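Numbering (the working numbering), first residue to last: 3 to 624. We put the CB at the ideal spot given by N, CA and C, even for glycine. Predicted, not measured: the structure shown is a model, and the values here were computed from it.
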Amino acid sequence: MRTIIYFLLLLVFSFKIFATEKDTLREYKLGGVEIVKERFIPFEKSYLFNPDYQSEVFSKEGLNLVRRGGVLTQDVYFDGFKRNDISITVDGEMIQCACPNRMDAPITRINIVEMEGIKITKTTTSTNSNLYGKIEFNRKELTNDFKVRSLISGNLVARNDYDLQIFGEGLNTGITVRYSYGSPYKNADKKGFDSLYGYNPAPPDYRYFTSSIRHSIGNFEVGVGASISKDVLFPYLRMDERKTNFFTGFVKFKDNKLYINYTSHLMNNGLRSSWKTMEMETDAKNLTIGLSGKYFDVVARRWDADNYVFSKMMNKKFTNRALPGIWDISASGNYNFDLKFVNARVRLGIANSSYSDDTVLSVHKNYDAEAKKSRFFLLGALNFSKSIDISNDIKTNIMAEVSSISPSPEQLYITIRRPNQNWIGNSNLKQTVKSNVSLEFSFVDYFGFGFSGNYLWNYVLPAPDTVAGQQPRVTYKNVKATLLSSYLKFHYEWFSSELNFFWGENQDNKKPLPEIAPLTWTNTINFPTVWNFTVSVYHRWENAQKRVDLGLKELPSSAWNTVGISIAYDWKPFRFVVDVDNLLNHNYSRYLSFARDPYSAGIKVFDPGRTISFRILFDQNF
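And the structure:
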């Protein structure tokens, strides 16, 4: 820790020596490069920001979406960090999962038609940020004007799914409605989920419906919403989402918001052939009550999950309180200090995670005599950032941070007994301490470079474990780890190109960290607009990944290429977009599209074959 403090003091001193221009404030905006990336979402390009598998924004500068199946299965990956390392918020609301496998990933709750901005934050010092920051979507500010926006999208050939989003506003009231449905896709060899992943013949279509209403009066705003999804298939995992209900409501005054979210989630393997030999089901509930503002956040979470596993061959049933009524409560405050030579941010807080079920504690004590039902943690983060204009054309940002966040509740307390290997948390985990140095550099609009280096003490990883006299388990352990990422991008007139590189290593055993994406390369040609037609050709390459963690049953991956074409036509108030994805019909699987233990289904998830996609955007004031 002393080394970290010396390093930060040295970095601050170097800021003062080398700074040549005044630093920007708050969001650290700097030309086309920012430490905190804040983007306005123009509606005519909103589909590029939509966090689905065809998103342009979520496929560059270290961002990615992990394919875990078809529509509504994606989860966020950012600079090698994933799952609970990254918070997803909407207007200051922390969205959390009910499913311990994150089937109800927060990113799937985003309805892009009502959003006007996105903020991508790499610092833990912001409100509601987690270990590696947060991704925050901001809804459109309501007005008196009458307006309708809609986005209709569909996918044909290898895919067969459709999505309708509508946002209407007027008299300071906004209403959002979304409906989505479709069938499982086929890979490039025209194989479906039944032959690839062991599903029953003709698995059912998924269904998703959501609606919400907001109203503002002066500085006040109130809103409520609900959604329901059915039969969302996750070949990435051992079970599928059968039904999820989500309810939300909030009251907002200026920058301060009181909100409540409730999720009921049911998953099982009833759509798979494995049901004939082993039944698995989890019924989970999550309640989140939060209060957030510009400089503070308070979150209280109640998390329950009941699980059973019935082995028909053994004629034995395991009944589990997988998440035994956990209360997870945290409160923190943060503040910015705009110093003359550097911008400083600090965040301090406290967290408690606990449950009261003694039967669950006895299961944990079979593996660890010191197992606990309650843990307290101190939360903290210190960040220094500086923007430097070397010249009118050359700009750079530097950021350094030390932060510490508590382990997630499931890492501490999950309790699932199974026929072969149990999944049991580790209630004695230490909280992770992260030191980070980030650098971003730009030369006009032609060239950009970004680097993020992280050294982590007590980083939490899943790990197989054996205890004498007990069934083997997958649990969690603390390790020292290094996680590096960088991107290099080039843009000139009609052509843009970007490389993304990731590296992760467990410093305790000098083996690769799990789930570290390989080198990727994307290229795009945007032809000039002619007669309101815009044509783009895009290419993506992913290198093979041979650095894997065999202890978590990771599999090496092969390199792949894919090419696509996009044609857009503007006819106000409409925009029509037609894409052909995977134009050459390559059969491939992404390295990240394979679950590691304790979630692993042991199957690589393939991308769809050649797909024709269409989008119709409508934006009109009345």
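Mind checking whether residue i and residue j have CB atoms under 8 Å apart?
i: Leu158; j: Ser48; result: no
i: Asn534; j: Trp496; result: no
i: Gln76; j: Pro102; result: no
i: Pro113; j: Thr178; result: Correcting the residue type first, residue 113 is Asn in the shown sequence and not Pro. Yes, the pair counts as a contact, with Cβ atoms nearer than the cut-off.
i: Ser429; j: Arg349; result: no
i: Ser57; j: Ser89; result: no
i: Val607; j: Ser615; result: no
i: Leu273; j: Asp285; result: no
i: Phe139; j: Arg151; result: no
i: Val462; j: Thr417; result: no
i: Ala353; j: Ser387; result: no
i: Ile120; j: Phe45; result: no
i: Arg420; j: Phe320; result: yes
i: Ala383; j: Thr126; result: yes
i: Phe624; j: Phe148; result: yes
i: Gly335; j: Tyr369; result: no
i: Tyr208; j: Gly184; result: yes
i: Ala228; j: Ser218; result: no
i: Glu517; j: Thr484; result: no
i: Glu544; j: Thr526; result: no
Within 10 angstroms of the Cβ of residue i, are there 16 or more other Cβ atoms? Answer buried if so, exposed if not.
i: Gln413; result: buried
i: Gly33; result: Any reading at Gly33 must be qualified, since the residue scores a pLDDT of 33, below 50, and its modelled position is unreliable; the value itself is stated next. Classification for Gly33: buried.
i: Leu552; result: exposed
i: Asn86; result: buried
i: Ala371; result: exposed
i: Gln98; result: buried
i: Phe195; result: buried
i: Met316; result: exposed
i: Leu586; result: exposed
i: Asn288; result: buried
i: Ile394; result: What sits at residue 394 in the sequence shown is Asn, not Ile. The residue in question, Asn394, is exposed, as its Cβ has fewer than 16 Cβ neighbours within 10 Å.
i: Lys256; result: exposed
i: Val301; result: buried
i: Thr361; result: exposed
i: Phe252; result: buried
i: Trp573; result: exposed
i: Pro610; result: buried
i: Ile43; result: buried
i: Val224; result: exposed
i: Lys24; result: The predicted model places Lys24 with a pLDDT of 35, which falls under 50 and marks its position as unreliable, so this point remains unresolved.
i: Asn424; result: buried
i: Val580; result: exposed
i: Ser364; result: exposed
i: Thr246; result: buried
i: Gly604; result: exposed
i: Leu235; result: buried
i: Glu143; result: exposed
i: Arg28; result: Note that Arg28 has pLDDT 30, beneath the 50 cutoff, so the model's placement of it is unreliable and the number below is only indicative. Exposed, by the Cβ-count rule.
i: Asp340; result: exposed
i: Glu36; result: Because the pLDDT at Glu36 is just 42, under 50, the model does not fix this residue reliably, and the point stays unresolved.
So what does residue i bridge to, in DSSP terms?
i: Arg377; result: Ser355
i: Val150; result: Gly170, Gln622
i: Trp425; result: Ile418, Val476
i: Phe608; result: Ser591
i: Leu293; result: Leu260, Val300
i: Ser132; result: It should be pointed out that residue 132 corresponds to Asn in this sequence rather than to Ser. Paired residue(s): Gly135.
i: His217; result: Thr175, Val224
i: His267; result: Thr246, Ala286
i: Pro514; result: Glu507
i: Phe629; result: Residue numbering for the chain in the displayed model covers 3 to 624; residue 629 lies beyond these limits and cannot be assessed.
i: Gln547; result: Ser559
i: Ser487; result: Ser454, Phe504
Would you mind reading off the limits of the beta strand (DSSP E) that contains residue i?
i: Val301; result: 298-313
i: Glu442; result: 434-445
i: Tyr337; result: 318-340
i: Asp583; result: 576-583
i: Phe449; result: 449-467
i: Lys278; result: From DSSP, Lys278 is part of no beta strand (DSSP E); its letter is neither H nor E.
i: Ile407; result: 396-407
How would you write the range of the alpha helix (DSSP H) that residue i sits in, first residue to last?
i: Phe236; result: Neither: Phe236 is in no alpha helix (DSSP H) and is coded neither H nor E.
i: Phe51; result: 48-51
i: Phe195; result: 195-199
i: Val362; result: 360-367
Which complete beta strand (DSSP E) runs does the segment 41-122 hold, if anything under 3 residues is left out? 65-68, 77-80, 89-92
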